[in-house]
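Asks: My numbering numbers the first residue of the sequence shown as 92 and each following residue consecutively.
One structure, pasted below without further comment.
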Amino acid sequence: MAVVGGGVVGLSVAWRCAQRGMSVTVYDNGRGAWQVAAGMLAPVSEAYFGEAELTALLVASAGQWPAFAQELAAHGPTGYRSEGTLQVALTQDDLAEAQRLWEYQQTLGLPVTRLPAAELREREPSLHPRLRAGALAEGDHQVDPRRLVTTLRTAAGAAGASFVARRITDLPSVEARAVVVAAGCGSAELTGVPVRPVKGQLLRLRAPAHQPGFQHVIRGYADGRKVYLVPRADGEVVVGASEEERTDSVPTAGAALQLLRAATDLVPELSEYELVEVGVGHRPGTPDNAPLLGRWRDRVVVASGHYRHGVLLAPATADAICELLVTGEAPELIRPFSPQRFAEGG
Ligand code: GLY
92 MAVVGGGVVG
102 LSVAWRCAQR
112 GMSVTVYDNG
122 RGAWQVAAGM
132 LAPVSEAYFG
142 EAELTALLVA
152 SAGQWPAFAQ
162 ELAAHGPTGY
172 RSEGTLQVAL
182 TQDDLAEAQR
192 LWEYQQTLGL
202 PVTRLPAAEL
212 REREPSLHPR
222 LRAGALAEGD
232 HQVDPRRLVT
242 TLRTAAGAAG
252 ASFVARRITD
262 LPSVEARAVV
272 VAAGCGSAEL
282 TGVPVRPVKG
292 QLLRLRAPAH
302 QPGFQHVIRG
312 YADGRKVYLV
322 PRADGEVVVG
332 ASEEERTDSV
342 PTAGAALQLL
352 RAATDLVPEL
362 SEYELVEVGV
372 GHRPGTPDNA
382 PLLGRWRDRV
392 VVASGHYRHG
402 VLLAPATADA
412 ICELLVTGEA
422 PELIRPFSPQ
432 RFAEGG
């Protein structure tokens, strides 16, 4: 079989399929949303109104992550961290908006614990003293996508997968009995599935002495602006992300300004950190924000359109696509996400 796309999803599929004894070739053009992804594993803090079916898939995949990370640890680092995520609100208006979402998350039975401002600052003293309140999503963890991809390549290689550095422009040129298209935004051109690029800009900062002053992932509302802060063990802090219906890869001053304003409103000491990188990438978005997982045409299977959730959904996607290839049947978990929902007459 062939996997078109050497990002987090493609490599996870390749790894699992090679482990099941399939002969696997990964075609990789060296690009991918993982290069700029923050790596949040956030089934709770990314649970939005009207997406209950998607949230169930996010929760299922999050449940697989600890074992997935542990198995990968034999092949290299993934940067997996499990401190949890603090959701915080700066102003009264921010709190009103955040509370609506936290209530919704709680009605879905997701683990969200409200925290008054004093308790937030007990957990993370570097948070701004003006913060109104917050909520802890204990099950929302993180990995470092750049380390993860290197380790997944090693793991897939160790399981027998081979790699070809080539950009695939048409599927007939790929010789294989089954082709899994995990090419992110490139999947549209290859197959005709409705995936569109959603531009995201993020910043990488470096903490003095390589010690960020906070341990949890922090997601905040700051004067109407949304931002997330992801601290890594090596001192990096990722600040993200814009969300723009644009195809260009130009880093803009406006996006950087908005992110830094919101970030320093929540954690003032960030203004002393080194600004290392402005990253621009494109999330593979779909018309209903849910991924495309399953058979498309003949020998072509799609594992794409993961939008904001590629890293989180990698373990569930890999197992389900592997199962589909072995048995010919899509497992129950991914049936609502069949790409056939967008096929003509589908
Ligand atoms: N999952 C975070 C983002 O897409 O920005």
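Glycine included, every Cβ here is placed at the ideal spot set by N, Cα and C.
Just so it is clear, the structure is predicted and the values come from calculations on it, not from any experiment.
Answer yes or no: the CB of Ala-439 versus the heavy atoms of the ligand GLY, is any distance below 7 Å?
Replies: Residue coverage of the chain in this structure runs from 92 to 437, which leaves residue 439 outside it and unanswerable.
Asks: What's the C-alpha gap between Thr-355 and Glu-327?
Replies: Each residue's Cα considered, the two are about 15 Å apart.
Asks: Would you check if there are 3 or more beta carbon pairs closer than 8 Å linking the stretch 204-211 to the stretch 248-265?
Replies: The stretch 204-211 is not in contact with the stretch 248-265.
Asks: Three or more C-beta pairs closer than 8 Å, one from the stretch 393-400 and one from the stretch 305-315: is that the case here?
Replies: No, the stretch 393-400 does not touch the stretch 305-315.
Asks: DSSP on His-400, reduced to helix/strand/coil?
Replies: Coil, per DSSP.
Asks: Just to be sure I understand the criterion: a residue counts if its Cβ is closer than 6 Å to at least one heavy atom of the ligand GLY. Which residues meet that?
Replies: Every residue passing the under-6 Å Cβ criterion appears here: Ala-129, Met-131, Gly-291, Gly-331, Ala-332, Arg-374, Arg-399.
Asks: Any idea which residues DSSP pairs His-373 with across the strands?
Replies: His-373 pairs with Lys-290.
Asks: The beta strand (DSSP E) with Ala-180 in it runs from where to where?
Replies: Looking at the DSSP string, the run of the beta strand (DSSP E) that includes Ala-180 is 176-180.
Asks: By Cβ distance, which residues of its chain are closer than 6 Å to Ser-429, with the 5 residues on each side in sequence left out?
Replies: For Ser-429, where only same-chain residues beyond five positions count, the Cβ hits under 6 Å are Gly-385.
Asks: Between the Cα of Gly-291 and the Cα atoms of Tyr-195, Leu-145, Thr-338, which residue gives the shortest distance?
Replies: The option with the nearest alpha carbon to Gly-291 is Thr-338.
Asks: Using 8 Å as the threshold, is the C-beta distance between Leu-460 and Gly-175 below it?
Replies: Only positions 92 to 437 of the chain appear in the structure, and residue 460 is not among them; the question remains open.
Asks: At 3 residues or longer, and completely inside the stretch 307-349: list those beta strand (DSSP E) runs for me, N to C.
Replies: Here the runs fully enclosed are 308-313, 316-322, 327-331.
Asks: Spatial neighbours of Val-509 within its chain, please: C-beta separation below 7 Å, excluding the five flanking residues on both sides.
Replies: Since the first residue shown for the chain is 92 and the last is 437, residue 509 is missing from the structure and cannot be characterised.
Asks: Here's a check: name, in chain order, each residue in its chain whose Cβ is nearer than 8 Å to the Cβ of Leu-163, leaving out the five neighbours to either side.
Replies: Only Thr-169, Leu-239, Thr-242, Leu-243, Ala-246 meet the Cβ criterion.
Asks: At what residue ranges does the stretch 215-299 contain a whole run of the beta strand (DSSP E), taking only runs of 3 or more?
Replies: Those beta strand (DSSP E) runs which fall completely within the stretch 215-299 and span 3+ residues are 224-228, 253-256, 270-272, 287-297.
Asks: What number of angstroms, rounded off, separates the C-alpha of Glu-360 from the C-alpha of Gly-98?
Replies: Those two C-alpha atoms are separated by around 33 Å.
Asks: Using a Cβ-Cβ distance cut-off of 8 Å, determine whether Leu-227 contacts chain D.
Replies: In the displayed structure, chain D is absent; only one protein chain is listed.
Asks: With distances taken between CB atoms, is the gap from Arg-323 to Glu-368 smaller than 8 Å?
Replies: Cβ atoms of Arg-323 and Glu-368: not closer than 8 Å.
Asks: When burial is assigned at 16 or more other CB atoms within 10 Å of the CB, is Gly-141 buried or exposed?
Replies: Exposed, since its Cβ has fewer than 16 Cβ neighbours within 10 Å.
Asks: Run the CB neighbour count on Pro-375, radius 10 Å, all protein chains shown included, and call it buried at 16 or more, exposed below.
Replies: Buried: at least 16 other Cβ atoms inside 10 Å.
Asks: Quick one, are the C-beta atoms of Gln-233 and Arg-172 less than 8 Å apart?
Replies: Contact: yes.
Asks: Among Arg-390, Leu-177, Arg-191, Pro-299, which one has its Cα closest to the Cα of Arg-214?
Replies: Of Arg-390, Leu-177, Arg-191, Pro-299, the residue nearest in Cα terms is Leu-177.
Asks: Do Leu-403 and Pro-236 have their CB atoms nearer than 8 Å?
Replies: No, they are not a contact pair.
Asks: Report all residues from its chain with a CB closer than 8 Å to the CB of Ser-253; omit the five preceding and five following residues, and keep chain order.
Replies: Within the same chain, Ser-253 has close Cβ partners Val-115, Thr-116, Val-117.
Asks: Measure the beta-carbon distance from Pro-406 to Gln-155 and round it to whole angstroms, keeping in mind my assumption that it falls under 8 Å.
Replies: Going by Cβ atoms, the distance from Pro-406 to Gln-155 rounds to 4 Å, so yes, they are a contact pair.
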